[in-house]
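Note sheet for the following structure.
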Amino acid sequence: MKQYSWIWYTEDNVYGLRLDLADGRLEWYDTIGCDCDDNTTEQTLAQYQQSGIPNVIPIPPPDILAELHQALKTAYR
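In my numbering, the protein residues as written are -1 to 75.
Written as structure tokens, this is what we have:
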């Protein structure tokens, strides 16, 4: 299955998301480019459907959310 990834920024940080449909998980990246601590949050698809975006990650821009939801919808038809 396909993998997807996105990167976006806010005024003070760069964030990322990797969707791995084969493993059924999402990896959220906080402060991309900083290797100073554990800056990754993982979720299963079920956890994402239940609780949404992790609290440590700002809501991605609407175009990224639309692409994420389309990828999930297409994969699980």
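Quick reminder that beta carbons are idealized off the backbone N, C-alpha and C, glycines included.
Nearest neighbour of residue i, chosen from the options [CA to CA]
i	options	result
residue 17	42, 10, 6	42
residue 8	58, 48, 70, 39	58
residue 49	0, 1, 24	24
residue 11	1, 3, 37	37
residue 74	44, 51, 54	44
Contact check, residue i vs residue j, beta carbons under 8 Å
i	j	result
residue 46	residue 27	no
residue 52	residue 39	yes
Sequence-distant residues of its chain with Cβ nearer than 7 Å to residue i (five each side left out)
i	result
residue 6	13, 58, 59, 62
residue 69	2, 17
residue 30	5, 12, 13, 14
Identified DSSP bridge partners for residue i
i	result
residue 48	Answer is none; residue 48 lacks a bridge partner.
residue 1	18
Close Cβ partners of residue i (< 6 Å) along its chain, the five nearest in sequence each way excluded
i	result
residue 15	4, 26
Scan the stretch 12 to 42 and note each continuous beta strand (DSSP E) run of 3 residues or more that stays entirely inside, going in chain order. 12 to 18, 23 to 28, 38 to 42
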